[in-house]
Amino acid sequence: MSHELFEAAREAMTKAYAPYSKFPVGVAIRADDGKVYLGANIENLSFPQGWCAEPTAIGAMIMGGAKKIEELAVIAEKLPLCTPCGGCRQKISEFAAADTRIYLCDDAGVQKTVTMAELLPYAFETDVIG
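Okay, so the sequence shown: first residue is 17 according to my numbering, each after it adds one.
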């Protein structure tokens, strides 16, 4: 299963719009509905207005009707085993369990697997809001 997500993330990376950073990233999510959702980073000349690959894939997942991330693969063209940034880790944790597998890839495939809890050990969680 992880190889399928690697291939999907690599394909997503080819669709990144990264003319400023030249740092394309691709993400593939297998959701609770069994489908794979893709995302790539999309930059904007006004730098804070761009977004990472992870929220792109999460948005596709939510719009596709799924609610939970079962597993996720991330790949960056110029940084082997690229991990999601801090903000994206929190975004992923909103839809993932502590034991959700995150696959860190290079151009040859999945090289390391971590859990959501390992990636973000102190995720912001509360039952006070909502």
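Ideal Cβ placement from N, Cα and C applies to all residues, glycine included.
Classification of residue i by the beta-carbon crowding that lies within 10 angstroms, buried from 16 upward
| i | result |
| --- | --- |
| V153 | Within the shown structure, residues of the chain are numbered from 17 to 146, placing residue 153 beyond reach of any answer. |
| Y119 | buried |
| F140 | exposed |
| G42 | buried |
| C104 | buried |
| N60 | exposed |
| I78 | exposed |
| L95 | exposed |
| E87 | buried |
| M29 | buried |
Reduced DSSP category for residue i - H, G, I as helix; E, B as strand; rest coil
| i | result |
| --- | --- |
| A73 | helix |
| A32 | coil |
| A133 | helix |
8 Å contact criterion, which residue i and residue j should meet: CB distance rounded
| i | j | result |
| --- | --- | --- |
| F111 | K84 | 6 Å |
| T131 | A114 | 7 Å |
| A89 | L21 | 4 Å |
| A34 | L54 | Incorrect: roughly 15 Å between the Cβ atoms, too far for contact. |
| I45 | V52 | 7 Å |
| K107 | E70 | 6 Å |
Residue i - partner residues in DSSP beta bridges
| i | result |
| --- | --- |
| K128 | L120 |
| G42 | A56 and I91 |
| A112 | I85 |
| A47 | I85 |
Contact with chain B by residue i, beta-carbon distance below 7 Å
| i | result |
| --- | --- |
| E27 | Given the protein chain composition of this structure (a single chain), no chain B is represented. |
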